[in-house]
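Here is the structure we will look at.
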Amino acid sequence: MTQIPASTPASTPASTPASIPASPTALPKLSTTVAGDPAGPGILLAHGATGSVEGNYGDLIPALTATGHHVVAPDYPGSGNTPRATGPLELDALADALVAEATEAGMDTFTVIGFSMGTAVSVRAAARHPERVRGLVLTAGLAKADARTRVWLDLWLRLLEQGDYTGFAQVRALSGLAPEAFNALSPTERAALLDPDPSLPPAGSAEQAALVRALDTTADLPTITVPTLVIATTLDTLLHPSHSRYLADHIPGAEYAEIATGHLPMVERPAEWQELIHTFLTKHRL
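Residue numbering for the sequence shown is 18 to 303, as defined by the working numbering.
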């Protein structure tokens, strides 16, 4: 859900093909990174709330393209170079928009890799577009916010509404990293993470956090029939690993793995995270 601030990737816009079912809400065109071999297996990336493609997947994309994959990675409204939405985000609309980006890039079928809120986007994409989605990788995710998660989100939303970017940087840092990882930061790294510059959080952070509070994919999970890997982050103070366990228990045949990391495995344990993804994709020829 959170991210370490990073630069914004290059992008290419896409339109919604006629074959994609209509979404309930119109979204701006998504700024989308396309990389790798167009003839290779397709991968669609769904990032976390208040995150971005670069922040969540900046190191994973080259790892995937190095193994011959074709990668499509859209930024949500208000992240990267995508304009903010004019109203609340809806899960169906966001899932449809990501699938549209993949099909516009020439992918008939693809595996969706989702992180945090992106796991719900991935599940909904598989439920609404079963003819397109071949596999799922779900890291540090959830099907529905519990009481503790809603308190976190309420705090985020209140700080954003009040323009308290010092407080917002603090809660994102404390919820994003495991205690050991946070304490191991150098003074320079800690200062960068806690920078209150209001331009650092994605412009659409409030809309994205509000979507996490509202989403519910519990009814979708039993309908998923594609190979699925659920990766739990066992030191996660934002989304407790029980959320990932729930996903694995309710998606038929899902595989389950754990990483001893906070909410951001791409920051704390990137090599281990990438290896789990690579092994799963290779095993299922995805």
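For every residue, glycine included, the Cβ atom is placed at its ideal position computed from N, Cα and C.
- Relative to P105, the option among L44, L238, I60 whose CA is nearest is L44.
- By the neighbour-count criterion, in which 16 or more other beta carbons inside 10 Å mark a residue as buried, N200 falls on the exposed side.
- Each residue's CA atom was taken as its position, placing A117 and A63 some 13 Å apart.
- Annotated three-state conformation of G85 is coil, per DSSP.
- Contact between G59 and F127 holds, with the beta-carbon distance rounding to 3 Å and staying under 8 Å.
- Collapsing the DSSP output to three states places Y273 in a strand.
- Residue pairing of V154 in beta bridges, as defined by DSSP: I130, L246.
- The shortest CA-to-CA distance from A102 to any of R151, A119, L228 is the one to L228.
- Between the alpha carbons of A114 and A198 lies a gap of roughly 35 Å.
- By a beta-carbon distance limit of 8 Å, P239 contacts P269. Their separation comes to about 7 Å.
- The beta carbon of A119 is closer than 6 Å to those of L61, V89, F127 in its chain, skipping five residues each way along the sequence.
- Contact between L194 and L281 holds: their C-beta atoms lie close to 6 Å from each other, under 8 Å.
- Exposed is the label assigned to T296, since fewer than 16 other Cβ atoms lie within 10 Å of its Cβ.
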